[in-house]
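Going by my numbering, the letters in the sequence shown line up with residues 558 to 1019, in that order.
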Amino acid sequence: MNAAMPKRKTDAEPASGHGVWCIAGLLVVSAGFGLTVLAFYPGYITVDAQYVYAEAQTWHFGDWQSPAMAVLWRFIDPLAPGSASMFLFTAILYWGSFAVLALLALRSSKWLGLLVPFLALVPPAFVFLGMIWRDVQFGVIWLCASALAFAAACTVRRSGLLRGLALALIGVGVLLRPNAALAAPLLATCAVWPGPFMLRRNIMVFVPLAAFFVALVPIVYYALLGAERQYPLHSILVFDLGGITHFTGENQFPVSWSPEQNALLTTRCYDPAHWDTYWHLEPCPFVMQRLEDHADRLFGSPRLLAAWWHAIAAHPLAYLAHRAAFMRQFLLRSNVALPVWDWDEPDSAYGGSPYFTPVLRLHNALQPTLLFRPAAWLLAAAAICVLSFPRRAKPAGGFSLALASCAVLYILSFALLGVAADFRYAYWTVLSTLAALVPLVIVMRDHQTLLPPVRPTSEIHE
558 MNAAMPKRKT
568 DAEPASGHGV
578 WCIAGLLVVS
588 AGFGLTVLAF
598 YPGYITVDAQ
608 YVYAEAQTWH
618 FGDWQSPAMA
628 VLWRFIDPLA
638 PGSASMFLFT
648 AILYWGSFAV
658 LALLALRSSK
668 WLGLLVPFLA
678 LVPPAFVFLG
688 MIWRDVQFGV
698 IWLCASALAF
708 AAACTVRRSG
718 LLRGLALALI
728 GVGVLLRPNA
738 ALAAPLLATC
748 AVWPGPFMLR
758 RNIMVFVPLA
768 AFFVALVPIV
778 YYALLGAERQ
788 YPLHSILVFD
798 LGGITHFTGE
808 NQFPVSWSPE
818 QNALLTTRCY
828 DPAHWDTYWH
838 LEPCPFVMQR
848 LEDHADRLFG
858 SPRLLAAWWH
868 AIAAHPLAYL
878 AHRAAFMRQF
888 LLRSNVALPV
898 WDWDEPDSAY
908 GGSPYFTPVL
918 RLHNALQPTL
928 LFRPAAWLLA
938 AAAICVLSFP
948 RRAKPAGGFS
958 LALASCAVLY
968 ILSFALLGVA
978 ADFRYAYWTV
988 LSTLAALVPL
998 VIVMRDHQTL
1008 LPPVRPTSEI
1018 HE
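The structure is reproduced here in structure tokens:
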């Protein structure tokens, strides 16, 4: 009689089957990491990163580039001196983050878990992995923080450790890219209180957390690291004064110019794509040469700040026209992505690598398309916000909403703080949109295997 009864499935069999899928997912992630090393090793030190690496070696910092990145590089550099150390650090965090997301997705759907690592190969995310740029390292560090915060929402074991690591990484990201302080509270709230997205709580803690992250930058830069003040924020003042000058047809700088220079300032000097025309690009480097004149230095002085305030107060419409022109350029037009001019020289080994060349060809083919327009990623993040908002009571829905809204707020911060329209400034929005898609799919499938909300659901509907 017993022989006729169907065999009862043991508890070990489902666990064993899940383990097989986990191994398969990790193998896909490992293959992605191997492809990254093959295509990009040893990584490319961009012009900006050259200054960071020099500061790391001398242990003498300025605040134009992030001194926190120099400190990080100094500590990891012995592992693989030069570009390789930062490249491997970036690649490990990147693929490790997608591994965590894939393993969490496996709880909802085996096929979803296997598909998640392929999101990491989306060109606007993947092609930057070889670039040593603080925007890339910032984006990857926040991606790792997001994955840890999501993991904290999915498990009770070591949840405190995961939340602490996530919060620390968010702080490191702000130190790499200080304008991220405005978007950091959304991600930090998700890390500190993983689970459902509480509107009232997020509103209440937003300003205090933003103030904390804003204060964190000068404390670390100047009090702890003794960084030299080079006044990077004054590049915004120069860009805005130049833009207002262009749109009003009147000089707004606290300087008298020659008639020829005045004519250039109101016509050819202004470029909404970047402020560099006032610094070192023809025909207008005379602007910064005068503002940095040692006999009467204006760059970094209160006089330049006063001129900026006066120009905005006197010509608010011109200021808005200038900022709108910049955001139109940044969001909608084709801008620089990879710094291809850096390796166009005949003696450049990086650009001629047989493994990197296919990636470069792919970049060149796709760079003019919508994939490399920040507006496309901004709209995608906004769409995820709309879809996840009614599902915010569940941990996956709350995480998706927090991450996507962080992406939106971060990219919009450039409306006031941007001075260049390079695509790399939207890199975090690309990564966060891809990451937010995973929990959104999970919660839309309604196969929620994560923890239930830690607080009553009634608090969600405020």
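Just so it is clear, CB atoms sit at the ideal spot from N, CA and C, and this is done for glycine as well.
Would you mind sorting residue i into buried or exposed? The rule is 16 or more other CB atoms within 10 Å of its CB.
i: Met562; result: Bear in mind that the predicted position of Met562 carries a pLDDT of just 41, short of 50, making it unreliable; the figure below should be weighed with that in mind. Per the 10 Å Cβ criterion, exposed.
i: Trp750; result: buried
i: Ile999; result: buried
i: Ile580; result: exposed
i: Thr990; result: buried
i: Thr593; result: buried
i: His879; result: buried
i: Glu612; result: buried
i: Ala933; result: buried
i: Arg1002; result: exposed
i: Gly783; result: exposed
i: Thr746; result: buried
i: Arg930; result: buried
i: Val943; result: exposed
i: Ala813; result: Note that residue 813 corresponds to Ser in the displayed sequence, not to Ala. By the neighbour-count rule (16 or more Cβ atoms within 10 Å), Ser813 is not buried but exposed.
i: Ala863; result: exposed
i: Gly576; result: exposed
i: Ala993; result: buried
i: Val976; result: buried
i: Thr834; result: buried
i: Met761; result: exposed
Could you pull the DSSP bridge partners for residue i from this structure?
i: Thr688; result: Sequence inspection shows Met at residue 688; the Thr mentioned does not correspond to that position. Note: Met688 sits in a beta bridge opposite Tyr601.
i: Glu785; result: Gly619
i: Ala977; result: His831
Taking the alpha-carbon of residue i as reference, which of the options has the nearest alpha-carbon?
i: Val586; options: Met626, Gly619, Phe655 and Val771; result: Phe655
i: Ala740; options: Ala767, His791, Asp979 and Arg664; result: Ala767
i: Leu966; options: Ala977, Ala939 and Trp900; result: Ala939
i: Ser910; options: Cys579, Pro599, His575 and Tyr876; result: Pro599
i: Glu785; options: Ala709, Leu583, Leu756 and Phe618; result: Phe618
i: Asn808; options: Val844, Gln622, Arg890 and Cys579; result: Val844
i: Gly806; options: Leu838, Ala868, Ala748 and Arg847; result: Ala868
i: Ile633; options: Trp898, Ala950 and Tyr610; result: Tyr610
i: Trp832; options: Trp866, Gly591, Leu592 and Pro789; result: Pro789
i: Val974; options: Leu794, Trp900 and Leu928; result: A small fix is needed here, since residue 974 is Leu in this sequence, not Val. It is Leu794.
i: Leu676; options: Gly954, Leu636, Gly576 and Trp652; result: Trp652
i: Val684; options: Cys841, Val604 and Phe590; result: Phe590
i: Asn759; options: Leu888, Pro742, Val995 and Ala625; result: Pro742
i: Ala937; options: Pro925, Ser962, Val577 and Thr926; result: Ser962
i: Val897; options: Leu888, Tyr907 and Ser891; result: Tyr907
i: Trp578; options: Pro735, Leu661 and Phe796; result: Leu661
i: Gly582; options: Arg664, Pro735, Val943 and Arg631; result: Arg664
i: Met755; options: Ser792, Phe946 and Ser716; result: Phe946
i: Pro735; options: Phe763, Ala772 and Ala748; result: Ala772
i: Phe694; options: Leu672, Ala748, Ala606 and Asp620; result: Here residue 694 turns out to be Gln, not Phe, going by the sequence shown. Minimum Cα distance to Gln694 is reached at Ala606.
i: Leu927; options: Phe769, Val679, Ala972 and Gly954; result: Val679
i: Ser970; options: Val995, Ala993, Leu888 and Thr712; result: Leu888
i: Ala953; options: Leu686, Pro996, Ile968 and Ala964; result: Pro996
i: Pro624; options: Val673, Pro674, Gln787 and Leu672; result: Gln787
i: Gly687; options: Asp620, Pro674 and Leu895; result: Leu895
i: Pro925; options: Ile941, Leu935, Ser891 and Lys951; result: Ser891
i: Ala830; options: Pro859, Pro811, Ala881 and His872; result: Ala881
i: Trp836; options: Phe810, Val762, Ala871 and Phe796; result: Phe796
i: Phe604; options: Arg757, Ile689, Pro638 and Leu629; result: The sequence shown places Val at residue 604, not Phe. It is Ile689 whose Cα lies nearest to the Cα of Val604.
i: Ser858; options: Phe810, Leu584 and Trp630; result: Phe810
Please check the pair residue i and residue j, which I expect to be a contact at CB under 8 Å, by giving their CB distance rounded to whole angstroms.
i: Ile602; j: Ser640; result: 5 Å
i: Ala551; j: Leu658; result: Since the first and last residues shown for the chain are 558 and 1019, residue 551 lies out of range.
i: Ala725; j: Val731; result: About 11 Å; that fails the 8 Å criterion.
i: Arg949; j: Pro753; result: 6 Å
i: Leu636; j: Arg691; result: Not confirmed; about 19 Å, so no contact.
i: Phe644; j: Phe597; result: 6 Å
i: Trp865; j: Leu798; result: 6 Å
i: Leu848; j: Leu838; result: The pair is not a contact, with the Cβ atoms about 15 Å apart (cut-off 8 Å).
i: Gln886; j: Ala978; result: 5 Å
i: Ala709; j: Ile727; result: Not quite, the Cβ-Cβ distance comes to about 13 Å (not below 8 Å), so this is no contact.
Quick one: does residue i have its CB under 8 Å from some CB of chain D?
i: Pro753; result: No chain D appears in this structure, which consists of one protein chain only.
Give a yes or no on contact between the region 948 to 961 and the region 769 to 777, applying the rule of three or more CB pairs nearer than 8 Å. By the Cβ criterion, the region 948 to 961 is not in contact with the region 769 to 777, since fewer than three pairs of Cβ atoms, one from each stretch, lie closer than 8 Å.
Report yes or no: do three or more beta-carbon pairs, one from the region 718 to 725 and one from the region 685 to 700, lie closer than 8 Å? In short, these stretches do not touch, since the Cβ pair count stays below three.
Contact between the region 643 to 659 and the region 967 to 985 (3+ Cβ pairs under 8 Å): Counting Cβ pairs under 8 Å, fewer than three are found: no touch.
Pair every Cβ in the region 851 to 860 with every Cβ in the region 907 to 924, then say whether three or more of these pairs are closer than 8 Å. Contact annotation: the region 851 to 860 does not touch the region 907 to 924, with fewer than three C-beta pairs closer than 8 Å.
So does the region 918 to 931 actually touch the region 662 to 672, counting three or more Cβ pairs closer than 8 Å? Fewer than three Cβ pairs drawn from the region 918 to 931 and the region 662 to 672 lie within less than 8 Å of each other, which leaves the two stretches out of contact.
Three or more beta-carbon pairs under 8 Å between the region 786 to 806 and the region 815 to 827, yes or no? Three or more Cβ pairs closer than 8 Å define a contact, and the region 786 to 806 meets that threshold against the region 815 to 827.
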